[in-house]
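> Take a look at this one; I'll ask things after.
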Amino acid sequence: MLRAGKILIVLCAMVLLCPGRWAAAADTLKIGSFLAVTGPASFLGDPELKTLQMYIDKINAQGGIDGIKIDFVHYDTKAKAKEAKNFVNRLIKKDRVDVIIGGSTSGNTIAVMDLVERGRVPLISLAGSVKIVEPVRKWIFKTPHTDRMAAEKIFQDIKSRGITKVALITGNGGFDKSGRAQCLALAPKYGIEIVADEKYGNSDTDMTTQVAKIRATDAQAIINFGFGKAPAIVTKNIRQLGIKLPLYQSHGVASKKYIELAGEAAEGVRLPAAGLIVADLLPDSDPQKRVLLRYKHDYESKFGPVSTFGGHAYDALFMVVNAVRSCGCTDRAKIRDGIENTSGFVGTGGIFNMSPTDHLGLGLDSFRMVEIKNGNWTLVK
Amino acid sequence: MRRLGGLYILAFLFVITGLMFPDSYYVTVVGVTIFTNAVLAVSLNLLMGYAGQISLGHAAFFGLGAYSSAILTSRYGVNPWLAMLAGLALSGTVSWVLARPILKLKGHYLAMATLGMGIIIHIFFVQADWLTGGPDGLSGIPGITVFGWPVNTDLRWYWVFGVLMLFCIWVSLNIVDSRPGRALAAVHGSEVAAQMTGVDTASVKAQIFVVSALLASVAGSLFAHQQAFVSPESFSFFFSIELVTMVVLGGLASTFGAVFGAVLLSLLPEFLLVFEDFEVLIYGAILMAIMIFLPDGLFVTTSRLITERLRGGEAS
Numbered sequence: 128m129l130r131a132g133k134i135l136i137v138l139c140a141m142v143l144l145c146p147g148r149w150a151a152a153a154d155t156l157k158i159g160s161f162l163a164v165t166g167p168a169s170f171l172g173d174p175e176l177k178t179l180q181m182y183i184d185k186i187n188a189q190g191g192i193d194g195i196k197i198d199f200v201h202y203d204t205k206a207k208a209k210e211a212k213n214f215v216n217r218l219i220k221k222d223r224v225d226v227i228i229g230g231s232t233s234g235n236t237i238a239v240m241d242l243v244e245r246g247r248v249p250l251i252s253l254a255g256s257v258k259i260v261e262p263v264r265k266w267i268f269k270t271p272h273t274d275r276m277a278a279e280k281i282f283q284d285i286k287s288r289g290i291t292k293v294a295l296i297t298g299n300g301g302f303d304k305s306g307r308a309q310c311l312a313l314a315p316k317y318g319i320e321i322v323a324d325e326k327y328g329n330s331d332t333d334m335t336t337q338v339a340k341i342r343a344t345d346a347q348a349i350i351n352f353g354f355g356k357a358p359a360i361v362t363k364n365i366r367q368l369g370i371k372l373p374l375y376q377s378h379g380v381a382s383k384k385y386i387e388l389a390g391e392a393a394e395g396v397r398l399p400a401a402g403l404i405v406a407d408l409l410p411d412s413d414p415q416k417r418v419l420l421r422y423k424h425d426y427e428s429k430f431g432p433v434s435t436f437g438g439h440a441y442d443a444l445f446m447v448v449n450a451v452r453s454c455g456c457t458d459r460a461k462i463r464d465g466i467e468n469t470s471g472f473v474g475t476g477g478i479f480n481m482s483p484t485d486h487l488g489l490g491l492d493s494f495r496m497v498e499i500k501n502g503n504w505t506l507v508k
Numbered sequence: 004m005r006r007l008g009g010l011y012i013l014a015f016l017f018v019i020t021g022l023m024f025p026d027s028y029y030v031t032v033v034g035v036t037i038f039t040n041a042v043l044a045v046s047l048n049l050l051m052g053y054a055g056q057i058s059l060g061h062a063a064f065f066g067l068g069a070y071s072s073a074i075l076t077s078r079y080g081v082n083p084w085l086a087m088l089a090g091l092a093l094s095g096t097v098s099w100v101l102a103r104p105i106l107k108l109k110g111h112y113l114a115m116a117t118l119g120m121g122i123i124i125h126i127f128f129v130q131a132d133w134l135t136g137g138p139d140g141l142s143g144i145p146g147i148t149v150f151g152w153p154v155n156t157d158l159r160w161y162w163v164f165g166v167l168m169l170f171c172i173w174v175s176l177n178i179v180d181s182r183p184g185r186a187l188a189a190v191h192g193s194e195v196a197a198q199m200t201g202v203d204t205a206s207v208k209a210q211i212f213v214v215s216a217l218l219a220s221v222a223g224s225l226f227a228h229q230q231a232f233v234s235p236e237s238f239s240f241f242f243s244i245e246l247v248t249m250v251v252l253g254g255l256a257s258t259f260g261a262v263f264g265a266v267l268l269s270l271l272p273e274f275l276l277v278f279e280d281f282e283v284l285i286y287g288a289i290l291m292a293i294m295i296f297l298p299d300g301l302f303v304t305t306s307r308l309i310t311e312r313l314r315g316g317e318a319s
């Protein structure tokens with residue numbers, strides 16, 4: 128019983144001694160983030176967090192943004208909407224941050240949007256769904272290209288090849304479903320007919336059945352929307368069944384990992400991607416080239432191969448930095464206005480021009496159509 | 004007075020805290036989480052602690068209430084209170100239909116059956132995306148109004164959930180000290196002996212299962228309005244396990260033990276965040292330590308200790 132008493136005392140002491148986070152002084156900018164650093168979407172959150180931390184350290188080491196130091200608070204959501212909600216509540220009400228960067232996934236972002244609007248804190252999301260910025264919400268912005276833009280880019284390319292019949296195959300995740308919906312909605316606009324609409328589970332290890340069904344249709348091209356391992360398996364299955372049709376993937380697989388997993392089968396696959404993965408191939412006249420190469424160098428000299436996802440965090444952070452610099456303050460409302468007035472900002476995702484009716488600010492030309500050749504990316508002219 | 008003494012003390016603390024720290028994050032945000040968990044733990048404790056029937060699917064009823072309210076109010080513009088009643092009807096029906104066959108089972112089999120029920124309902128929330136919004140959840144759930152008083156700030160939600168919790172505790176304390184409560188205790192002790200003394204054990208178990216589901220459903224409905232967003236993972240198997248942990252940690256068969264477990268398990272993660280990457284480790288270690296050294300639960304053991312000390316003092 129004595130022992131039990133001691134444990135109780137230790138427990139109480141632990142609770143009492145937890146210092147909490149000290150309130151920020153007036154001349155610091157408090158940035159909060161909630162990213163999926165571990166869990167199923169860690170391939171998004173991990174490079175995002177590393178990017179944020181690296182540049183915030185760098186900015187602080189150089190004396191801050193015109194003297195305003197950055198205080199960074201971070202929470203790991205493990206890609207769970209419930210955690211995202213709790214942490215954003217904490218960021219707004221306890222840590223009282225000036226800006227929030229995050230939501231690695233669309234689900235996490237959508238879960239907190241009402242909360243952020245009510246809390247009146249500017250938020251820049253790093254997630255793909257078009258639902259985040261349409262309809263436009265006063266305090267919510269995002270930096271990655273939307274699934275709708277990816278679908279449009281793919282359809283443009285398909286149309287230029289003179290193809291009209293397309294088969295669709297998608298997984299059961301949020302990204303997949305949203306991409307599928309955009310493809311179905313946009314197809315008529317480009318005069319394209321969807322002749323097959325197959326689905327698989329994201330943890331499935333073989334999609335031959337679905338692919339065989341596609342083979343039985345008169346499709347002239349195949350589109351696969353998804354991320355993670357599944358698209359690589361789909362790619363392999365398609366080639367295993369001897370289907371020679373052009374295959375399009377989404378920007379969800381724009382990483383070297385996909386080429387590694389799919390191997391030979393990835394040859395000839397086309398996908399829309401941000402400039403980052405083809406930075407070396409861009410002509411010198413491209414305004415993005417310098418920014419892309421610098422980010423790539425910074426990241427790779429510290430952490431290894433770069434991914435477009437970390438780039439979204441880079442764009443968000445520097446948009447905030449620019450907004451703070453232009454008003455010389457850390458006022459939430461003024462930072463929000465600053466972000467909304469972003470124009471001509473050259474980021475890794477493209478050139479951003481925000482407006483009160485467009486809280487993404489990227490045009491279709493910010494996506495590049497790339498093709499995989501000899502295990503590497505090439506630009507489609 | 005003696006029976007409800009604890010309730011009065013808790014009510015007093017609740018009001019004082021709300022009045023003294025109306026702006027504190029721990030009161031308005033964490034407080035609401037604590038109350039929600041407390042309602043769920045107290046309702047689960049009716050089944051687990053008093054009737055001795057384990058349930059690994061309690062979060063499912065919480066979810067049925069939440070989704071009923073969320074879907075009816077956000078999609079069909081139904082009055083929130085009517086939606087809550089609809090949620091109660093649904094949870095009540097589901098629990099009533101399931102109660103008899105499930106509660107015939109014992110031990111591991113009962114655990115398996117309730118686990119299966121919880122998982123099936125969770126899968127339904129994830130897969131039926133035409134209705135529930137799927138894994139991305141449902142947003143845009145309107146707030147509620149209590150007798151013309153709009154519940155639109157965190158502090159007001161604190162009062163609403165606090166009152167709900169006190170109500171739940173009151174219900175629980177009254178059930179335990181009533182005839183059905185004694186019947187439950189008999190079932191817990193020995194089902195055969197209870198039958199011999201004329202207790203209809205099947206019906207008593209079924210009734211308490213339904214009551215516990217109904218309380219969870221009310222909490223779910225209010226939770227949906229408070230969060231203005233629901234997603235399946237709030238009602239997953241893991242949350243059911245967390246609820247069981249709260250009940251066991253505080254001490255089985257003690258209403259205030261369940262409340263205490265809920266408070267502890269809701270507060271710990273908040274404080275442990277300071278340890279960043281090690282929070283889960285420390286969290287696990289604390290739970291293990293409590294269960295190893297205080298197997299009867301933290302609340303039950305400490306309150307027994309205190310009473311023993313007091314009695315010892317009187318004797319000497």
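Quick mapping for you: the protein sequence lines, in order, are chains A and B.
Going by my numbering, the first residue of the first sequence is number 128, and it counts up by one from there.
Going by my numbering, the first residue of the second sequence is number 4, and it counts up by one from there.
We put the beta carbon where it would ideally sit given N, CA and C, even for glycine.
Note that the structure is a prediction, hence the values are computed from the model and not measured.
1) For residue 104 (chain A) and residue 319 (chain A), I'd like the C-alpha separation in whole angstroms.
2) Is residue 243 (chain A) close to the ligand NAP? I mean its beta-carbon at under 7 Å from any heavy atom of the ligand.
3) Expressed to the nearest angstrom, what Euclidean distance is found between the alpha-carbon atoms of residue 275 (chain A) and residue 315 (chain A)?
4) Determine the direct distance from the alpha carbon of residue 185 (chain B) to that of residue 229 (chain B), and round the result to whole angstroms.
5) Assign residue 246 (chain B) to one of three DSSP states: helix, strand, or coil.
6) For residue 300 (chain B) versus residue 270 (chain B), is the C-beta distance shorter than 8 Å?
7) Does DSSP put residue 272 (chain A) in a helix, a strand or coil?
8) Would you say residue 203 (chain A) and residue 164 (chain A) are within 8 Å of each other, going by their C-beta atoms?
9) Which same chain residues end up closer than 6 Å to residue 236 (chain A) when comparing Cβ atoms and leaving out the 5 residues on each side of it in sequence?
10) Within 8 Å, do at least three Cβ pairs link the segment 255 to 267 of chain B to the segment 52 to 70 of chain B?
11) Any Cβ of chain A within less than 8 Å of the Cβ of residue 226 (chain B)?
12) Counting C-beta neighbours from all protein chains within 10 Å, is the total for residue 363 (chain A) 16 or more, i.e. buried, or is it exposed?
13) Cβ closer than 9 Å: which chain B residues qualify as neighbours of residue 234 (chain A)?
14) Can you pull the DSSP bridge partners for residue 29 (chain B)?
15) Just reading off the beta strand (DSSP E) that residue 154 (chain B) is part of, what are its end residues?
16) Show which residues of chain B have a CB atom less than 7 Å away from the CB atom of residue 216 (chain A).
17) Buried or exposed: residue 265 (chain A), going by 16 or more other Cβ atoms within 10 Å of its Cβ?
18) Tell me the DSSP secondary structure of residue 400 (chain A) in three-state form.
19) Using 8 Å as the threshold, is the C-beta distance between residue 505 (chain A) and residue 419 (chain A) below it?
20) Kindly list the residues whose CB is nearer than 6 Å to the CB of residue 17 (chain B), restricted to its own chain and excluding five residues on each side of it in sequence; keep chain order.
21) Short of 6 Å in beta carbon distance, which residues of its chain neighbour residue 151 (chain A), apart from the five on each side in sequence? Order them along the chain.
22) Check whether chain A comes within 8 Å of residue 314 (chain B), counting only Cβ atoms and requiring the distance to be less than that.
23) Can you name the start and end residues of the beta strand (DSSP E) that residue 230 (chain A) belongs to?
24) Spatial neighbours of residue 429 (chain A) within its chain, please: CB distance less than 8 Å, with the 5 preceding and 5 following residues excluded, ordered by chain position.
25) For the segment 27 to 36 of chain B and the segment 83 to 98 of chain B, state whether three or more C-beta atom pairs, one from each stretch, are separated by less than 8 Å.
26) Find the nearest neighbour of residue 391 (chain A) within the set A:383, A:224, A:366, judged by alpha-carbon distance.
27) Buried or exposed: where does residue 225 (chain A) fall if 16 or more other Cβ atoms within 10 Å of its Cβ makes it buried?
28) Opposite residue 473 (chain A) in the DSSP bridges: which residues?
29) Would residue 240 (chain A) pass as an interface residue toward chain B - the criterion being a Cβ-Cβ separation below 8 Å?
30) Once DSSP output is grouped into helix, strand and coil, what is the label at residue 486 (chain A)?
31) How far does the alpha helix (DSSP H) with residue 195 (chain B) in it reach, from first residue to last?
32) Tell me whether the beta-carbon of residue 171 (chain A) lies closer than 8 Å to the beta-carbon of residue 232 (chain A).
33) Just to confirm the assignment: which complete beta strand (DSSP E) runs, minimum length 3, are found wholly within the segment 416 to 479 of chain A?
34) How long is the line joining the alpha carbons of residue 443 (chain A) and residue 57 (chain B), rounded to whole angstroms?
35) Please state whether DSSP places residue 152 (chain A) in a helix, a strand or coil.
36) When Cβ atoms are compared, which residues of the segment 5 to 29 of chain B fall closer than 7 Å to chain A?
This is what the structure holds:
1) This structure leaves residue 104 (chain A) out entirely; chain A is present only between 128 and 508.
2) Here there are no bound small molecules, and the ligand NAP is not part of this structure.
3) One-based indexing of the first sequence puts residue 275 (chain A) at position 148. One-based indexing of the first sequence puts residue 315 (chain A) at position 188. A straight line joining the alpha-carbon of residue 275 (chain A) with that of residue 315 (chain A) spans about 14 Å.
4) Mapped onto the second sequence, residue 229 (chain B) falls at position 226. Mapped onto the second sequence, residue 185 (chain B) falls at position 182. Spanning the two alpha carbons is a distance of roughly 36 Å.
5) Taking the first residue of the second sequence as position 1, residue 246 (chain B) is located at position 243. In the three-state scheme derived from DSSP, where H, G and I count as helix and E and B as strand, residue 246 (chain B) is classed as helix.
6) The count along the second sequence starts at 1 and reaches residue 300 (chain B) at position 297. The count along the second sequence starts at 1 and reaches residue 270 (chain B) at position 267. Contact: no.
7) Your numbering for residue 272 (chain A) matches position 145 in the first sequence. Three-state result, residue 272 (chain A): coil.
8) In the first sequence, the residue the question calls residue 203 (chain A) occupies position 76. In the first sequence, the residue the question calls residue 164 (chain A) occupies position 37. At the C-beta level, residue 203 (chain A) and residue 164 (chain A) come within 8 Å of one another.
9) Position 109 of the first sequence, counting from 1, holds the residue named residue 236 (chain A). Residues 230, 252, 254, 259 of the same chain have their beta carbon placed closer than 6 Å to that of residue 236 (chain A), with the five preceding and five following residues left out of the count.
10) Touching, yes, given that three or more Cβ pairs across the two stretches are closer than 8 Å.
11) Locating residue 226 (chain B) in the second sequence gives position 223, counting from the first residue. At a cut-off of 8 Å between beta-carbon atoms, residue 226 (chain B) makes no contact with chain A.
12) The residue given as residue 363 (chain A) occupies position 236 in the first sequence. Counting Cβ neighbours within 10 Å, residue 363 (chain A) comes out buried, since at least 16 surround it.
13) Counting from 1 along the first sequence, the entry for residue 234 (chain A) is found at position 107. In chain order, 138, 139, 140, 234 make up the part of chain B whose C-beta sits under 9 Å from the C-beta of residue 234 (chain A).
14) Sequence index remark: in the second sequence, residue 29 (chain B) carries index 26 (1-based). Answer by DSSP bridge pairing: none, since residue 29 (chain B) is not bridged.
15) Taking the second sequence and counting its residues from 1, one reaches residue 154 (chain B) at position 151. From DSSP, the beta strand (DSSP E) with residue 154 (chain B) extends over 152 to 154.
16) Within the first sequence, numbered from 1, the residue matching residue 216 (chain A) stands at position 89. Going along chain B in sequence order, the residues near residue 216 (chain A) (Cβ under 7 Å) are 32.
17) For this step, residue 265 (chain A) is matched to residue 138 along the first sequence. Taking a 10 Å sphere around the C-beta of residue 265 (chain A), we find fewer than 16 other C-beta atoms and assign the residue as exposed.
18) Mapped onto the first sequence, residue 400 (chain A) falls at position 273. Looking at residue 400 (chain A) - three-state DSSP - the assignment turns out to be strand.
19) For the purposes of this step, residue 505 (chain A) is identified with residue 378 of the first sequence, where counting begins at 1. For the purposes of this step, residue 419 (chain A) is identified with residue 292 of the first sequence, where counting begins at 1. Taking 8 Å as the Cβ cut-off, residue 505 (chain A) and residue 419 (chain A) do not qualify as a contacting pair.
20) Residue 17 (chain B) sits at position 14 when you count from the first residue of the second sequence. For residue 17 (chain B), where only same-chain residues beyond five positions count, the Cβ hits under 6 Å are 165.
21) Working through the first sequence from its first residue, we reach residue 151 (chain A) at position 24. Unreliable positioning characterises residue 151 (chain A) in this predicted model, as indicated by a pLDDT of 43, which lies under 50. The coordinate reading is nonetheless provided below. Excluding positions up to five away in sequence, the list reads 157, 198.
22) Numbered from 1 along the second sequence, position 311 holds the residue referred to as residue 314 (chain B). Under the 8 Å criterion on CB atoms, residue 314 (chain B) is classed as non-interfacial with respect to chain A.
23) Looking up residue 230 (chain A) in the first sequence gives position 103. No beta strand (DSSP E) contains residue 230 (chain A), which DSSP labels as neither H nor E.
24) The sequence position of residue 429 (chain A) within the first sequence is 302, counting from 1. Closer than 8 Å at Cβ, skipping near neighbours: 177, 181.
25) Output reads no: the segment 83 to 98 of chain B does not touch the segment 27 to 36 of chain B.
26) Within the first sequence, the letter at position 264 stands for residue 391 (chain A). Comparing Cα positions, the closest option is A:366.
27) Here residue 225 (chain A) refers to the residue found at position 98 when the first sequence is read from its first residue. Buried.
28) One-based indexing of the first sequence puts residue 473 (chain A) at position 346. Bridge partners of residue 473 (chain A) according to DSSP: A:478.
29) To locate residue 240 (chain A), count along the first sequence from 1; it is residue 113. Cβ-Cβ to chain B under 8 Å: yes for residue 240 (chain A).
30) Numbered from its first residue, the first sequence carries residue 486 (chain A) at position 359. DSSP places residue 486 (chain A) in coil when its eight states are reduced to three.
31) To locate residue 195 (chain B), count along the second sequence from 1; it is residue 192. Taken as a continuous stretch (DSSP letters only), the alpha helix (DSSP H) holding residue 195 (chain B) covers 194 to 199.
32) The residue labelled residue 171 (chain A) in the question sits at position 44 within the first sequence. The residue labelled residue 232 (chain A) in the question sits at position 105 within the first sequence. Yes; because the gap between Cβ atoms is below 8 Å, this pair is in contact.
33) Every unbroken stretch of the beta strand (DSSP E) spanning 3 or more residues and falling wholly within the segment 416 to 479 of chain A is given here in chain order: 470 to 473.
34) Position 316 of the first sequence, counting from 1, holds the residue named residue 443 (chain A). Position 54 of the second sequence, counting from 1, holds the residue named residue 57 (chain B). Going from the Cα of residue 443 (chain A) to the Cα of residue 57 (chain B) covers about 49 Å.
35) Counted from its first residue, the first sequence places residue 152 (chain A) at position 25. Residue placement at residue 152 (chain A) cannot be trusted, given a pLDDT of 46 that sits under 50; the coordinates are not used to answer.
36) So the list reads 28, given in the order they occur along the chain.
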